[in-house]
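Here is the structure we will look at.
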């Protein structure tokens, strides 16, 4: 497992967090246990001190000739110190009843206080807990004032060695220091296992992605479950779908472009080779050169169209925007086909002040392509109508005909490059399948769009939405919503 891998980093940080939590828990347990033990000792000392004070008061009553109760006698016996043969541990538990000078108030009881400062505080009337070390043994001391009848007689000190508590604390510490590393190791192993299972889909996605190639993008990643990794796999599959479609369009585009360029190249090569291989008349040489020239013109148009589409793809179509009269644009587009026999073209005059904001050269090319398509697919007995109207901040330029029409299955593909509805007839009329793609690119470069409606045997209507050139300060209506894919609503 690489140290820089996500799996290792997740396992590492999971272990660090777990170790910190366990250490915090251990410290808290140690502190709580110690506090509870000290509270238990303090409670025991307080109870013992009360017994000693009660016993001393009973002792004073006996000394004064009064009768002691049974409980007082028991307290006196319990409070009396052990003999010198008692253990050191028991000696440290013996109470001290001392007058203000530190002398024992009970015969044969020890006369030295456990803690001088605490004794002085108790003589002054305060109850004090303290801790001292006697013969290297930690001792907890509780000092209380000794009073009776409102008079201070001294102080009482009771004590309890803490060596057993310290042994218990050390044992707890050793236990925690043994268990915590084991728990951290278990957390590391468990974290590694869980992380591996959680990231296993990533490994499967990576392996599936490695098997993909430019020549085979049809594979898809497996999608299992409904978690974030499934969403990632679905997003990756959608990206693969788009890549596959893009590669298919690229291959189709390359093949179509090669095929279209091969035809004029073959014509040029055939005519030049024929002219060079045979001796003919000047008229024959002229015919060969004219045919080669026409083929060169065809190649030039294809290359220019491809260059325009390439600039469009990169968003680099250069536009010289200026007000363009819609009426003038329609008139020039209709006149561009005056040198050929075609259906009647009817130009419906738009509003006099309807101007477009665009590049006249590119807009004329757009309209020329549309009119040429309409002429090509409309019989001479048919009718072609060019019109324009204002729609808020936009203008709708329409080219409608009553020609052949287009089948519904072809409509979604009309803007694809080199796409032809009728391959044979398109080549017969000199079409390359680039005209509508160029029209769409020019319209979108102007901030507009293009839509087509058609029915077989009824005709075709192409509408171009272009921005209007509005006078300064005029408030136009709301611009029509333009939907992606070249349709406006």
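Residue numbers (my numbering): 1 to 489.
Quick reminder that beta carbons are idealized off the backbone N, C-alpha and C, glycines included.
(Q) Can you tell me whether residue 417 is buried or exposed? The criterion is at least 16 other CB atoms within 10 Å of its CB, across all chains shown. (A) Under this definition residue 417 is a buried residue.
Original post:
Can you tell me whether DSSP reads residue 358 as helix, strand or coil?
Top reply: Of the three classes helix, strand and coil, the one that applies to residue 358 here is strand, per DSSP.
- Taking the alpha-carbon positions, what's the residue 187 to residue 203 distance? Residue 187 and residue 203: Cα-Cα distance of roughly 23 Å.
* Put residue 180 into one of helix, strand or coil per three-state DSSP. => If DSSP states are grouped into helix, strand and coil, residue 180 belongs with the helices.
**Message:** Tell me which residues share the same chain as residue 362 and place their Cβ nearer than 6 Å to its Cβ, disregarding the 5 neighbours each side in the sequence.
**Reply:** If you ignore the 5 residues before and after residue 362, its C-beta comes within less than 6 Å of the C-beta of 442, all in its own chain and listed in chain order.
Endpoints, beta strand (DSSP E) assigned at residue 99:
Neither: residue 99 is in no beta strand (DSSP E) and is coded neither H nor E.
Next on the checklist: Does the contact criterion of 3 or more C-beta pairs under 8 Å hold for the stretch 148-166 versus the stretch 45-55?
Outcome noted: With a cut-off of 8 Å, the stretch 45-55 and the stretch 148-166 count as touching, because enough Cβ pairs lie within range.
Exercise for the section: Starting from the Cα of residue 383, find the closest Cα among 450, 459, 411 and give me that residue. Expected result: Nearest of 450, 459, 411 to residue 383, Cα basis: 459.
Original post:
For residue 209, which residues of its own chain have a beta-carbon under 8 Å away from its beta-carbon, when the five flanking residues on both sides are left out?
Top reply: Counting only Cβ-Cβ distances below 8 Å, and skipping sequence neighbours, we find 221, 236.
For my contact list, residue 324 and residue 356 are in at a C-beta cut-off of 8 Å; report their separation, rounded to the angstrom.
Yes, they are in contact, since the Cβ atoms of residue 324 and residue 356 sit about 4 Å apart, within 8 Å.
In angstroms with no decimal places, state the Cα-to-Cα distance between residue 320 and residue 373.
-> Distance from the CA of residue 320 to the CA of residue 373, rounded to the nearest whole angstrom, comes to 26 Å.
*If you follow the beta strand (DSSP E) that residue 131 is part of, which residue opens it and which one closes it?*
For residue 131, the uninterrupted beta strand (DSSP E) run begins and ends at 128-134, by DSSP.
Note to self: Along the chain, where does the beta strand (DSSP E) containing residue 346 start, and where does it finish?
What the structure shows: Taken as a continuous stretch (DSSP letters only), the beta strand (DSSP E) holding residue 346 covers 344-347.
Check: First and last residue of the beta strand (DSSP E) that includes residue 453?
Finding: Boundaries of the beta strand (DSSP E) harbouring residue 453: 449-455, taken from the DSSP string.
- Message: Looking at the secondary structure, which residues open and close the alpha helix (DSSP H) in which residue 206 lies?
- Response: Start and end: 200-210.
Item checked: Three-state secondary structure assigned by DSSP to residue 196 -> Note: residue 196 maps to helix in three-state DSSP.
Out of 148, 115, 108, state which residue places its alpha-carbon closest to the alpha-carbon of residue 54. Ranking 148, 115, 108 by CA distance to the CA of residue 54 puts 148 first.
Could you compute how far the alpha carbon of residue 471 sits from the alpha carbon of residue 272? Cα to Cα, the separation comes out at about 57 Å.
>> What does the Cβ neighbour count give for residue 130, buried or exposed, with the cut at 16 atoms within 10 Å?
In response: Residue environment analysis places residue 130 among the buried positions, since at least 16 neighbouring C-beta atoms fall within 10 angstroms of its C-beta.
query: Out of curiosity, what's the CA-to-CA distance linking residue 244 and residue 447?
result: Taking the straight line from one Cα to the other gives about 29 Å.
* Asked: Count the other CB atoms within 10 Å of the CB of residue 201; is the residue buried (16 or more) or exposed (fewer)?
  -> Its Cβ being crowded by 16 or more others within 10 Å, residue 201 is buried.
Exercise for the section: Mind listing, in chain order, the continuous beta strand (DSSP E) runs of no fewer than 3 residues lying wholly within the stretch 280-346? Expected result: Within the stretch 280-346, the runs of beta strand (DSSP E) that reach at least 3 residues and sit entirely inside it are, in chain order, 322-325.
What's the C-alpha gap between residue 279 and residue 327?
Distance between the alpha carbons of residue 279 and residue 327: 55 Å.
Item checked: Spatial distance of residue 296 from residue 207 (CA atoms) -> In a straight line, the C-alpha of residue 296 is about 50 Å away from that of residue 207.
Quick one: using the 10 Å Cβ neighbour count with 16 as the cut-off for buried, is residue 29 buried or exposed?
-> Using a 10 angstroms sphere on the CB of residue 29, the tally of other CB atoms stays under 16, which defines it as exposed.
Please name the residue or residues paired with residue 394 in a DSSP beta bridge. Answer is 391, 467.
- For residue 18, which residues from the same chain have a beta carbon less than 6 Å from its beta carbon, with the 5 sequence-adjacent residues on both sides left out? 187, listed in sequence order.
Report task. Take the Cβ of residue 242 as the centre, count every other Cβ of all protein chains shown within 10 Å, and call the residue buried at 16 or more, exposed below. Result -> Residue 242 should be labelled exposed.
Check: From 435, 21, 404, pick the residue whose C-alpha is nearest to that of residue 343; which is it?
Finding: Of 435, 21, 404, the residue nearest in Cα terms is 404.
Margin query: So for residue 400, helix, strand or coil by DSSP?
Written below: Here DSSP, grouped into helix, strand and coil, assigns residue 400 to strand.
Check: Near residue 309, what residues of its chain come up, given a Cβ to Cβ distance below 8 Å and the 5 sequence neighbours on each side ignored?
Finding: The answer, listed in chain order, is 417, 434, 437, 438, 441.
If you reduce the DSSP assignment to three classes, tell me which class residue 76 lands in. For residue 76, the predicted structure reports a pLDDT of 46, less than 50, and the residue's modelled location is therefore unreliable. A value from the coordinates is still provided. DSSP, reduced to helix, strand and coil, places residue 76 within a helical segment of the structure shown.
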